[in-house]
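Colleague:
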Amino acid sequence: MLKSLWRYRNFVYNSIYNEVFSQFVRSKLGGLWIIINPLSQVLIYALILSNILAAKLPGIDNKYAYAIYLMAGLLGWNLFSDIINRCMVLFIAQANIMKKVSFPRITLPVIAVGSSIVNNLMLFIAILGIFALLGHEFSLVMLWLIPLTLLVVLFAAGLGLILGVMNVFVRDIGQGLSVILQVWFWFTPIIYPVNIIPERYLPLMQLNPMYSIVDAYHQILAYNQAPSFQSLVTILFIASGLSIIGLLLFRRASPEMVDVL
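So the sequence shown is numbered by my numbering: it starts at 765 and just counts up by one.
1. Using DSSP with H/G/I as helix, E/B as strand and the rest coil, what is Pro962?
2. Thinking Ile847 and Ala986 are a contact (beta carbons under 8 Å), I'd like their distance in whole angstroms, please.
3. Which residue spans inside the stretch 899-949 form an unbroken alpha helix (DSSP H) run of at least 4?
4. Helix, strand or coil, according to DSSP, for Gly823 in the structure here?
5. Run the CB neighbour count on Phe993, radius 10 Å, all protein chains shown included, and call it buried at 16 or more, exposed below.
6. Does DSSP put Arg869 in a helix, in a strand, or in coil?
7. Taking all protein chains shown into account, do 16 or more other C-beta atoms lie within 10 angstroms of the C-beta of Ile926, making it buried, or fewer, making it exposed?
8. Could you have a look at Leu971 and say whether DSSP puts it in helix, strand or coil?
9. Which residue from Cys851, Leu907, Gln805 and Phe888 puts its Cα closest to that of Tyr830?
10. Is it the case that the Cβ atoms of Ile984 and Val905 are separated by a distance below 8 Å?
11. Alpha carbon to alpha carbon, what distance is there between Tyr956 and Thr998?
12. Would you mind reading off the limits of the alpha helix (DSSP H) that contains Ser992?
13. When you compare only the Cα positions, how much space is there between Phe878 and Ser1007?
14. When the Cα atoms are used, what is the spatial distance from Ile800 to Ala1003?
15. Measuring CB to CB, does Ile1009 end up less than 8 Å from Gly922?
16. Between which two residues does the alpha helix (DSSP H) carrying Phe951 extend?
17. Excluding the 5 residues preceding and the 5 following Met862 in the sequence, name in chain order all residues of the same chain whose CB lies nearer than 6 Å to its CB.
18. So is Asn860 buried or exposed if we call it buried at 16+ other beta carbons inside 10 Å?
19. So the candidates are Ile856, Ile960 and Phe785; which of them puts its Cα closest to the Cα of Val882?
20. Which one of Leu909, Ile894, Phe919 and Tyr781 has the shortest CA to CA distance from Gly1005?
21. Consult DSSP for Ser786 and reduce its assignment to one of helix, strand or coil.
22. If we call anything under 8 Å between Cβ atoms a contact, is Ile713 one with Leu811?
23. Cβ atoms of Asn972 and Phe1001: under 8 Å apart, would you say?
24. Buried or exposed: which applies to Trp908, given that a residue is buried once 16 or more other Cβ atoms fall within 10 Å of its Cβ?
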């Protein structure tokens, strides 16, 4: 699969470019929708909850502390959920191409993940601009975002590939994903700070892999601190295991998927 990806690298690059570029055509706002949607969430939550939760955010020396905290968490969550949603419907959406054209099927999830990374990069640049307007300081700690982003991609791609393959055979998985992601979102400290969680429930919350990932985004972007390395190593093992399982499942099920589709 790696050899085929290398042979078809130009196809992957061009497909990612075309998918991203298509967001800018036939739309006056174009790729701005990538930024508008998450930032509208920030505006809604900030207007409703900022007065309540801003006082719960010690360590952020800014009157817009809650908005900064919220944008930091959403940056990580949006990358995760975007990859999962793309991979979930990927093979069903590309059924005609898979049945009629001979090409390495592994390029499809790679293209989807690549497009999500580009979208997330555009959102990150927009968030940096907003941080500058709000007077939030930057530091070299932000370099932690590079390995952290790769960790999110590995985790989301592995899980998304497993769910995407299973969704071809059991369509109920795709129907239930939106509900699962909503519940997962609210059980992850994105719009509320960790310190409001009762201490007796904290070990249970920490079983959520996205807890450590989102907390790392908060530490880096909101608090200008390095994240906990130990918690991220645990997520790395989980993400690596899911990716290996996803690739093995995809390789074994790929011929059968074409027949089912």
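The beta carbon of each residue, even a glycine, is placed where N, CA and C say it ideally should be. On a predicted model such as this, the values are computed, not experimentally measured, just so you know.
Modeller: Looking at the coordinates:
1. coil
2. The Cβ separation is near 23 Å, so there is no contact.
3. Fully enclosed alpha helix (DSSP H) runs of 4 or longer: 909-933.
4. coil
5. exposed
6. coil
7. buried
8. coil
9. Gln805
10. yes
11. 23 Å
12. The continuous stretches of alpha helix (DSSP H) do not include Ser992, and DSSP gives it neither H nor E.
13. In the sequence on display, residue 878 carries Gly and not Phe. Approximately 16 Å, taken between the alpha carbons.
14. 30 Å
15. Going by C-beta atoms, Ile1009 is nearer than 8 Å to Gly922.
16. That residue, Phe951, is in no alpha helix (DSSP H); it is neither H nor E in DSSP.
17. Val1022
18. exposed
19. Phe785
20. Phe919
21. coil
22. Outside the displayed range of the chain (765 to 1025) lies residue 713, so it cannot be described from this structure.
23. no
24. buried
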